[in-house]
Amino acid sequence: ADRRSRIPTAMSAPRIGALIIGDEILSGKRQDRHLAHVIATLAGQGLGLDWARYEGDDRDALAAVLRVTFAHGDVVFSFGGVGATPDDHTRQAAAAALDLPLERHPAALAALEAQFGADAYPHRVLMADFPAGAAIIPNPVNRVASFSIRNHHFFPGFPQMAWPMLDWVLATRAPALETPAVAERAIVVHGAGESQLLPLMNDCVARFPQLKLFSLPSFLPEGGRRIELGFRGELNALDAALGYLSA
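Quick note, in my numbering, the sequence shown goes up one by one and the last residue is 390.
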């Protein structure tokens, strides 16, 4: 077995989640690009996702999910459903989850009027309606803002708009995500199957409950198999755990 060590990263407490919304994703009409981008963008900030979830355009279902994430205090990056068409439910679901009314945000309304003039009425102005107390997220593409509330950040489904808005949120509100550094370390075991190592894995989980054990098996192109076996967690506990595992 050869040792593998990875650069320390940060893990969040609160948990960080990604919520990707849209029937078109679930039906296959469009392929999701947000999840991979969020993972890469957060990694650049020393952060990582704790969970990700796909949901369709169902207001009640979205509200149920958001009630849980608001109650847990999660930091959530949500993509999709913030428009004003009948299949867009995200802003209403967020308001329902918090038992808040929708209110027209003055700054969001001003941006719409500046961009569209009289054509902002009567329909585009609906996109300035957010849960009461929300803060706006500026949209650098067409000035149709979105919103943040209680560590939940809601973006359009279009990547060319959503991704710069995500960058803005991380640049302006990232201090809330600063967390203790953790690391990931592993050994690579050749020629063994997971079933052979299962007793050892269970032993390690019992001995080092403060760490997360992971096992990543793969088959080699030239034949044979390998397992990346290691731990993720606080730096001061990793050396002892990896030493025990290696021995």
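Heads up, the beta-carbon is just placed ideally off N, CA and C, and yes, glycines get one too. Since this is a predicted model, take the numbers as computed values, not measurements.
Backbone secondary structure at residue i - three-state DSSP
i: H180; result: helix
i: L162; result: strand
i: V211; result: helix
i: L275; result: The sequence as given places Ala at residue 275; Leu does not occur at that position. If DSSP states are grouped into helix, strand and coil, A275 belongs with coil.
i: R202; result: helix
i: R173; result: coil
i: A288; result: coil
i: R293; result: coil
i: A314; result: helix
i: S148; result: For S148, the predicted structure reports a pLDDT of 43, less than 50, and the residue's modelled location is therefore unreliable. The matter cannot be settled from this model.
i: A195; result: strand
i: M154; result: Its pLDDT being 40, under 50, M154 is placed unreliably by the model, and the measurement read from it follows with that caveat. The answer is coil: DSSP assigns M154 none of H, G, I, E or B.
Through-space distance from residue j to residue i, alpha-carbon basis
i: I164; j: A277; result: 20 Å
i: M154; j: R286; result: Residue confidence is low: M154 scores 40 on pLDDT, short of 50, so the model does not pin down where it sits. Its coordinate-derived value is still stated next. Taking the straight line from one Cα to the other gives about 33 Å.
i: A195; j: R350; result: 29 Å
i: S361; j: L372; result: 11 Å
i: R219; j: V208; result: One detail in the question is off: residue 219 reads as Val in this sequence, not Arg. Each residue's alpha carbon lies about 11 Å from the other.
i: L185; j: N345; result: 31 Å
i: H296; j: D230; result: 20 Å
i: F357; j: V348; result: 10 Å
i: L169; j: Y197; result: 8 Å
i: L359; j: S221; result: 29 Å
i: A331; j: S389; result: Checking the displayed sequence, the identity of residue 331 turns out to be Val instead of Ala. V331 and S389: Cα-Cα distance of roughly 10 Å.
i: L340; j: L309; result: 41 Å
i: A257; j: D382; result: 58 Å
i: Q188; j: V211; result: 26 Å
i: P281; j: R234; result: 16 Å
i: G367; j: A326; result: 29 Å
i: R316; j: K172; result: 33 Å
i: V387; j: L313; result: Position check: residue 387 holds Tyr in this sequence, whereas Val was assumed. Whole-angstrom Cα-Cα distance: 38 Å.
Cutoff 8 Å: residue i Cβ touching any chain C Cβ
i: R293; result: Among the chains in the structure shown there is no chain C, since it carries only a single protein chain.
Own chain, CB closer than 8 Å to residue i, minus 5 neighbours either side, in chain order
i: Q353; result: G376, E377, A380
i: L363; result: R369
i: P157; result: H215, G216, D217, V218, N294
Sequence-distant residues of the same chain with beta carbon closer than 6 Å to residue i, five excluded per side
i: P283; result: P307
i: M270; result: A227, V287
i: A384; result: F351, L354, F374
i: I292; result: P274, A277
i: H333; result: R369
Cβ shell of residue i (< 7 Å), same chain only, five flanking positions each side left out
i: S148; result: Legend: pLDDT at S148 = 43, less than 50; position of this residue unreliable, value from coordinates given subsequently. The residues are R328.
i: A129; result: Absent from the structure is residue 129, since the part of the chain shown begins at 144 and ends at 390.
i: L178; result: A161, I163, A195
i: A206; result: A236, A239, A240
Give, in chain order, every unbroken run of the beta strand (DSSP E) that is at least 3 residues long and sits entirely within the stretch 242 to 272.
245 to 247
What are the uninterrupted segments assigned as beta strand (DSSP E) that are 3 or more residues long and contained completely in the stretch 316 to 379, given in chain order?
324 to 333, 355 to 362, 368 to 377
The stretch 222 to 232 / the stretch 281 to 301 touching (three or more Cβ pairs under 8 Å):
yes
Touching by the beta-carbon criterion (3+ pairs, under 8 Å), the stretch 201 to 213 and the stretch 243 to 261:
no
State whether the stretch 239 to 258 contacts the stretch 288 to 296, with contact taken as three or more CB pairs (one from each stretch) at a distance under 8 Å.
yes
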